[in-house]
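Residue numbers (my numbering), protein chains in the order written: chain A, 1265 to 1569; chain B, 902 to 1464.
We put the CB at the ideal spot given by N, CA and C, even for glycine.
One structure below.
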């Protein structure tokens, strides 16, 4: 884990490495370990599953529609005879990649703005008002408008699926960085007054190095925690959009779309709602547990207790 | 079906003596899962707007459930026999019922009819129902209650103007300042038109809820039975069906476009039942004959730029051959649909049999046809010719059955080497007719689109006139018009003109069939399924008579609470 290098700056009296410490602490959080295991499992499944499971998620076999679980279709088929397992695996790819990419984007923005606002007090007011402004933006209506405005342009530039992917990731990214920015700014403000920062300033360290070597490593814990929460949030937002029938084309499976398609059949075939619903909930839950465990593990005051 | 109507009639006969008082039955709750965006039927081609407006605005005559014309605001139906239609078929004289009042208490006069014609035929306005007023040269008021409509040609079927839910009367006083380009700006009038119907608008929230109250000036003092109507719009077909058939929250739900098995499951709830009637509703794929490429800017999807590959008839024909219509019916509609090869499937005398070959899917034939026309598969399996790939954008409204159809059709087209991208748009937007939105079915910024449409009444003249050149939606008409494919053929326009002056019924049938066959054999429209209208009513709502030939709410004044 990357924490190894970052924490070594504070000087270690302990013979064991800090990465090891964190891992030891992380291990004591049962939920987090289970969550991590499940998350890795899901990632492996959606990354390699479609190759191993040979059926095409979009192939319609109309004779085999509305089937229950069988050896050929372990999770059954939908109303057009598409294999539910294949759709779940492919759908997870989209949902997870939207989640992870949108999280990276929002984290980058949030950290950048938070650190700049916290470190340079002259621009603090401006950036924080900007943050307030973004906090006040309602996400869903904004998404609807943006999709309507830019869909055609992006579609011609990148094709329908990639175009919508970029659009959704971008919009989720730029509308969810605010919490991270606020937390980061708060931590930076506190850190800035600490002795080791004053000391390094007194020897003439330039701001850029100060941020990269002293500030960033110390605010890693809130950043990582909001990262995990951000993934969960983005997965849910994508599901909401697909559930509303927006976003990706209707035959392109994502977890939210599977859920949306199945709601009409809720009474006849409840399992069709349960599988994608379970996948979304468990992934979000596992990511939240990982975040919880990481927060405990990265906080030196809790660690070792 | 017949038993259902008889049953409904029997219930009405039994219950009518008890309906003595206006407004005694409380609130009527109607749910339309596509929300109306205006109450002015002249500004929208959508069925939901027409039907919502039919609660308030009424025509001079309309069609009953058997497709027969009944006098509504008029005393009787003018015919040549009773002297109402002139012998040369060029004028028709309507006599209004006496003592009719608008919901604001003022008198309904012949001037209102004259104004309505002026409103819809204004050269600068984009009137969505202009084909109803085709060939009208003058409308004049002979006296306070007599309207004379003069046609430029002899009109064997002169019942276009002021007949049916598409051509109701507007109040001249209210819309006086809303002519031409100002029509869409008169928000108050468009959202709350003053009408003669059983109900009047008390609050209109576009794309959401319409609140109506009983019209105190309605001509029958005992009607309507309900004091208020809540007309909820939006949601989806499944939720709407459930709210009537399973939970009983609503009394009437429109357009139960749900998979047959889903509908059967809901009816088991026992709170209501579906009512259906077969009319002229055809689920069809429209082919865009113009190029919707966004790079063309303001000229996209206009006649200036023909479509790069759909203008080749072989491509259109192959697309049609690849579709298995029987399977679509089985999956999407069950007993409430039948495969159709005609865009004009009823009444019987207008039904062509020349196109029935489309009932058989022929994938190999389609492939052969494309290959012979020079479209050969490229490295990715998609056919191409001179650098043009057969790659389509296929749009429709958001609806589970439509998305299933889209997915199936995409696969079939994939089999013959045509790439398809699917897009679904919220129904309220798609059918909303808002010239500001790029996603309406009129703008048709896609290569093919699927929806259903029909005509009210039994005479197909104005319906078939939908595909005249001048009906094409374009910027000059504020994107109004019914010729979605932007089909333009002099021969076709000539047939329309000929029908407009032909009186003999058999000859009219021949012309209507010829127009239908022309559209079918040029593959401008690919009909898929002839759909029955299916709606759901609660067991607590009486008086519903399902009508496939006019607005479903045509007799809402007679509806009552079953106690």
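Q) Roughly how many whole angstroms lie between the Cα atoms of residue 938 (chain B) and residue 1331 (chain B)? A) Each residue's alpha carbon lies about 11 Å from the other.
Q: Specify the secondary structure class of residue 1560 (chain A) as computed by DSSP and reduced to three states.
A: Look at residue 1560 (chain A) here: in three-state DSSP terms it is helix.
Q) For residue 1133 (chain B), which three-state DSSP category applies? A) Assigned with DSSP and collapsed to three states, residue 1133 (chain B) falls in strand.
Q: Could I get the ranges of all uninterrupted beta strand (DSSP E) runs contained in the region 1044-1100 of chain B, with 3 residues as the minimum, in chain order?
A: For the region 1044-1100 of chain B, whole beta strand (DSSP E) runs of length 3 or above, ordered along the chain, are 1047-1052.
Q. Taking 8 Å as the CB-CB limit, is residue 1492 (chain A) close to chain B?
A. No, residue 1492 (chain A) lies away from the interface with chain B (no Cβ there is under 8 Å from its Cβ).
Q) Hey, residue 1348 (chain A) and residue 1539 (chain A): beta-carbon distance below 8 Å or not? A) With respect to residue 1539 (chain A), residue 1348 (chain A) sits close: the two C-beta atoms are nearer than 8 Å.
Q: Ignore the nearest five residues each way along the sequence and tell me which others in residue 1255 (chain B)'s own chain have a CB closer than 6 Å to its CB.
A: These residues qualify, in order along the chain: 1418.
Q. Counting contacts by CB-CB distance shorter than 8 Å, is residue 1515 (chain A) in contact with chain B?
A. Answer yes: the Cβ-Cβ gap between residue 1515 (chain A) and chain B drops below 8 Å somewhere.
Q. If residue 1351 (chain B) sits next to residue 1184 (chain B), beta carbons under 8 Å apart, how far is it from one beta carbon to the other, in whole angstroms?
A. The pair is a contact, with the Cβ atoms about 7 Å apart (cut-off 8 Å).
Q. Where does the unbroken alpha helix (DSSP H) through residue 1215 (chain B) begin, and where does it stop?
A. Boundaries of the alpha helix (DSSP H) around residue 1215 (chain B): 1214-1222.
Q: Under the assumption that residue 1550 (chain A) contacts residue 1302 (chain A) (Cβ atoms under 8 Å), give the Cβ distance between them as a whole number of angstroms.
A: Between residue 1302 (chain A) and residue 1550 (chain A) the Cβ distance is about 4 Å, and since that is below 8 Å, they are a contact.
Q: Go through the region 1349-1373 of chain B residue by residue and report every complete run of the beta strand (DSSP E) that reaches 3 residues or more, in order.
A: Counting only runs of 3 or more, we get 1349-1354.
**Q.** Where the alpha helix (DSSP H) through residue 1525 (chain A) begins and ends
**A.** Per DSSP, the unbroken alpha helix (DSSP H) holding residue 1525 (chain A) starts and ends at 1519-1526.
Q | Three-state secondary structure (DSSP) of residue 1385 (chain A) | A | Note: residue 1385 (chain A) maps to helix in three-state DSSP.
Q: Work out the CA separation of residue 1297 (chain B) and residue 1157 (chain B) for me, nearest whole Å.
A: So the alpha carbons of these two residues sit roughly 17 Å apart.
Q: For the beta strand (DSSP E) holding residue 1183 (chain B), just list the boundary residues, first then last.
A: In this chain, the beta strand (DSSP E) harbouring residue 1183 (chain B) covers 1173-1188.
Q. Who are the Cβ neighbours of residue 1304 (chain B) in its own chain at under 7 Å, not counting the five residues just before and after it?
A. If we look at residue 1304 (chain B) and ignore the five residues flanking it on each side, its Cβ neighbours are 1325.
Q | Residues bridged to residue 1191 (chain B) (per DSSP) | A | DSSP lists B:1207 as partners of residue 1191 (chain B).
Q) Leaving out five residues before and five after residue 1327 (chain B) in sequence, what residues of the same chain have Cβ atoms less than 6 Å from its Cβ? A) Around residue 1327 (chain B): 1299.
Q. For residue 993 (chain B), which option in B:1042, B:1309, B:1191 and B:1007 has the closest C-alpha, if you only look at C-alpha atoms?
A. Sorting B:1042, B:1309, B:1191 and B:1007 by C-alpha distance to the C-alpha of residue 993 (chain B) places B:1042 at the top.
(Q) If I measure Cβ to Cβ from residue 1344 (chain A) and keep anything under 7 Å in the same chain, skipping five residues before and after, which residues do I get? (A) Around residue 1344 (chain A): 1324, 1326 and 1329.
Q.
For a test of the three-state rule: what should DSSP assign to residue 1433 (chain B), helix, strand or coil?
A. Correct three-state label for residue 1433 (chain B): strand.
Q: Find the residues of chain B that neighbour residue 1522 (chain A), judging by a C-beta separation of less than 9 Å, and give them in chain order.
A: Under the 9 Å cutoff, chain B gives no residues; its nearest Cβ is about 12 Å from residue 1522 (chain A).
Q.
Would you say residue 1544 (chain A) lies against chain B (beta-carbon separation less than 8 Å)?
A. With a threshold of 8 Å between beta carbons, residue 1544 (chain A) makes no contact with chain B.
Q.
Helix, strand or coil for residue 970 (chain B)? Go by DSSP, reduced to three states.
A. Three-state DSSP puts residue 970 (chain B) in a strand.
Q.
Measuring only the C-alpha atoms, how far is residue 1506 (chain A) from residue 1195 (chain B)?
A. Cα to Cα, residue 1506 (chain A) sits roughly 25 Å from residue 1195 (chain B).
Q: For residue 1443 (chain A), decide whether its Cβ has a neighbour in chain B, counting only Cβ atoms nearer than 8 Å.
A: Output row for residue 1443 (chain A): interface = no.
Q. Which residues of chain B have a Cβ atom closer than 7 Å to the Cβ of residue 1531 (chain A), listed in chain order?
A. 1166, listed in chain order.
Q.
I want to see whether chain B comes within less than 8 Å of residue 1420 (chain A), judged by CB atoms only; does it?
A. Yes - at least one Cβ of chain B is within 8 Å of the one on residue 1420 (chain A).
Q.
What does DSSP give as the partner residue(s) for residue 1290 (chain B) in the beta ladder?
A. Answer is B:1285, bridged to residue 1290 (chain B).
(Q) Measuring only the C-alpha atoms, how far is residue 1321 (chain A) from residue 1335 (chain A)? (A) If I take the Cα positions, the gap works out to 17 Å.
Q) Helix, strand or coil for residue 981 (chain B) per DSSP? A) Of the three classes helix, strand and coil, the one that applies to residue 981 (chain B) here is coil, per DSSP.
Q. Comparing alpha-carbon positions, which option in B:1355, B:1345 and B:1356 lies nearest residue 1373 (chain B)?
A. The option with the nearest alpha carbon to residue 1373 (chain B) is B:1345.
(Q) Pairs of beta-carbons, one from the region 1090-1100 of chain B and one from the region 1418-1434 of chain B, closer than 8 Å: are there three or more? (A) No: the two stretches stay apart, fewer than three of their Cβ pairs being nearer than 8 Å.
Q: Could you say which of A:1394, A:1388, A:1408 and A:1371 lies nearest to residue 1444 (chain A) if we only look at CA atoms?
A: Among A:1394, A:1388, A:1408 and A:1371, the Cα nearest to that of residue 1444 (chain A) is on A:1371.
Q | Closer than 9 Å at the beta carbon, the chain A residues around residue 1077 (chain B) | A | Result: empty, since nearest Cβ-Cβ is about 35 Å, beyond 9 Å.
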